[in-house]
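Numbering of the sequence shown is given in the numbering used here, commencing with residue 577 and proceeding in unit increments. The beta-carbon is built from N, C-alpha and C at its ideal position, and this holds for glycine as well.
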Amino acid sequence: MSSEQTPATPETVGPRPRRLTYAAALAGLEGLALLAGGAWMLVEGLAGDPDDRQSAVTGGITLIVLALLPLLAARGLFGLRSWSRGPAVITQIMALPVAYNLLQADSVAIPAGIALAAVAVTALILLINPAATQALGIRGPGRTEGKRQP
577 MSSEQTPATP ETVGPRPRRL TYAAALAGLE GLALLAGGAW MLVEGLAGDP DDRQSAVTGG
637 ITLIVLALLP LLAARGLFGL RSWSRGPAVI TQIMALPVAY NLLQADSVAI PAGIALAAVA
697 VTALILLINP AATQALGIRG PGRTEGKRQP
């Protein structure tokens, strides 16, 4: 296993910052929400009386599969894996247009849009924090260990 594949551990980069723990928890909650929504759509599509059964089943399966991204990212963030920040950031960026669309609705979806936007922005701020970046062992572009930049 090369040094690039080895996970960052608390012994090598220090303890996990609380901000990173919070970001992992938010990503995990988003993943669980997607999983629950997908399961609900799938059950309704199979057992209920939807207008379009095929669309309901397809939507449910899609949400369940999409739930894997934030859930894996959360697990990686908890384990201080450097690869996990990318999927976590992508999840938050994908959540922002969804939140915007929910805010445009004239229904009960507006509070959900507010909550989703708040979670996505908060998680993004936590993920780009220098302490989180350092804890994950992520170096800036062109920076290598042992070499100083002029």
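Are the beta-carbon atoms belonging to residue i and residue j less than 7 angstroms from one another?
| i | j | result |
| --- | --- | --- |
| Arg592 | Ala711 | yes |
| Pro673 | Leu645 | no |
| Leu648 | Gly614 | no |
| Met617 | Ala601 | no |
| Leu679 | Ala599 | no |
| Ala650 | Leu610 | no |
| Gln668 | Ala708 | no |
| Leu692 | Ala671 | yes |
Within a Cβ cutoff of 6 angstroms, which residues of the same chain sit near residue i, ignoring the five residues on either side of it in sequence?
| i | result |
| --- | --- |
| Val641 | none |
For residue i, I'd like the list of residues in its chain whose CB is within less than 7 angstroms of its CB, leaving aside the five on either flank, ordered along the chain.
| i | result |
| --- | --- |
| Gly652 | Trp659, Ser660 |
| Ala603 | Pro646, Ala649, Ala650, Leu653, Ala664, Thr667, Ala699 |
Give me the Cα-Cα distance between residue i and residue j, rounded to the nearest whole angstrom.
| i | j | result |
| --- | --- | --- |
| Gly624 | Gly636 | 13 angstroms |
| Arg595 | Asp628 | 43 angstroms |
| Ala688 | Leu608 | 15 angstroms |
| Ala694 | Leu605 | 13 angstroms |
Return the residue from the list the options that minimises the CA-CA distance to residue i.
| i | options | result |
| --- | --- | --- |
| Ala696 | Ile666, Gln680, Ala707 | Ile666 |
| Thr597 | Leu608, Phe654, Gly621, Gly689 | Phe654 |
Can you list, in chain order, the residues of its chain whose CB lies under 8 angstroms from that of residue i, leaving out five sequence neighbours each side?
| i | result |
| --- | --- |
| Ala681 | Gly689 |
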